[in-house]
Amino acid sequence: MVSSPPELAKNTCFSECGARYLTKFWLRFFKLIFGLVLFGLGIVMTMKANLGFAPWDVFHQGVANLFDISIGTASIAVGFLVCVAVALAGEKLGLGTILNMLLIGLVIDATLFLDIIPTMGGLFGGIAMMTAGLFVISLASYFYIDSGFGAGPRDSLMVVLERKTHLPVGLCRTIVEGATVFTGWLLGGPVGLGTVLAAFGIGFCIQIVFSLFKFETTKIQHETLQTTLRRFVSL
Numbered sequence: 007m008v009s010s011p012p013e014l015a016k017n018t019c020f021s022e023c024g025a026r027y028l029t030k031f032w033l034r035f036f037k038l039i040f041g042l043v044l045f046g047l048g049i050v051m052t053m054k055a056n057l058g059f060a061p062w063d064v065f066h067q068g069v070a071n072l073f074d075i076s077i078g079t080a081s082i083a084v085g086f087l088v089c090v091a092v093a094l095a096g097e098k099l100g101l102g103t104i105l106n107m108l109l110i111g112l113v114i115d116a117t118l119f120l121d122i123i124p125t126m127g128g129l130f131g132g133i134a135m136m137t138a139g140l141f142v143i144s145l146a147s148y149f150y151i152d153s154g155f156g157a158g159p160r161d162s163l164m165v166v167l168e169r170k171t172h173l174p175v176g177l178c179r180t181i182v183e184g185a186t187v188f189t190g191w192l193l194g195g196p197v198g199l200g201t202v203l204a205a206f207g208i209g210f211c212i213q214i215v216f217s218l219f220k221f222e223t224t225k226i227q228h229e230t231l232q233t234t235l236r237r238f239v240s241l
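Using the working numbering, you'd call the opening residue of the sequence shown number 7 and step up by one each time.
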């Protein structure tokens with residue numbers, strides 16, 4: 007049976023819309039993966055500064071010490087538990103949330119295994135490496151947030167705390183990171199000058215990078231995992 011002109015136009019529209027979505031999807035997906043790989047490299051740079059780990063990495067190393075596993079594996083395990091917690095609290099997870107949980111930990115372990123980033127031995131070299139690592143993390147944040155596939159697990163945890171307590175987002179971040187540092191320190195995670203630099207410096211670095219790209223996070227429409235799957239099924 008030959009399609010009538012309206013039906014043919016409708017089918018053509020669906021086909022073109024699907025093709026446009028797939029093209030845009032793969033471009034966004036590449037941006038997401040690139041950002042997450044860069045994020046993992048930035049974390050290793052802050053570790054190799056040899057001045058103490060960033061707040062969440064103090065906790066990850068503490069968990070790694072406790073269970074005798076790699077820090078990357080600990081990062082994945084913690085990310086999974088945080089994903090479960092924020093999902094139970096009502097937050098929507100995206101493809102970026104899941105890949106953030108998995109890929110960053112794998113990149114950390116692979117980079118440490120390959121030993122391609124030197125360990126700093128002095129204060130000034132350590133500060134330089136820590137600063138460079140924070141800027142790499144900030145650049146990575148731009149790429150993975152701009153992909154629009156959802157916030158990372160730890161960012162979602164901060165959002166949940168803000169929504170449940172109605173406290174300012176800055177205070178919620180301080181509470182979350184303060185708790186992770188303290189717990190990680192109790193578990194033997196390395197706390198030092200680098201921990202302080204990372205805690206207070208990351209916001210400054212992100213502000214510089216986002217300003218250079220004229221990037222506003224509030225304008226990003228994040229796509230949930232359910233939406234991504236539904237769009238693929240409907241193609």
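In this text, a Cβ means the ideal position worked out from N, Cα and C, and glycines have one as well.
- Per DSSP, reduced to three states, the secondary structure at glutamate 97 is coil, with no helix or strand assignment.
- By the Cβ-count criterion, serine 153 is buried, with 16 or more other Cβ atoms from all chains shown falling within 10 Å of its own Cβ.
- With contacts defined as CB atoms closer than 8 Å, methionine 136 and alanine 91 fail to qualify as a contacting pair.
- Burial state of aspartate 74 is exposed, judged by a 10 Å Cβ sphere holding fewer than 16 other Cβ atoms.
- Check the Cα spacing between valine 187 and each of Gly68, Leu44 and Thr103: the tightest is with Gly68.
- Within the segment 122-194, the runs of alpha helix (DSSP H) that reach at least 4 residues and sit entirely inside it are, in chain order, 129-152, 159-171 and 175-192.
- For glycine 198, the three-state secondary structure derived from DSSP is coil.
- Restricting attention to Ala138, Leu199 and Leu44, the CA atom closest to the CA of alanine 116 is found in Leu44.
- Residue range 61-73 is occupied by the alpha helix (DSSP H) that includes aspartate 63.
- Membership of phenylalanine 238 in the alpha helix (DSSP H) is indicated by the continuous run 231-240.
- Of the residues assessed, serine 144 falls on the buried side of the cut-off, its CB having 16 or more other CB atoms within 10 angstroms.
- In this structure alanine 70 is buried. Its beta-carbon is surrounded by 16 or more other beta-carbon atoms within 10 angstroms.
- Taking every protein chain shown into account, the CB of proline 159 has 16 or more other CB atoms within 10 angstroms, so this residue is buried.
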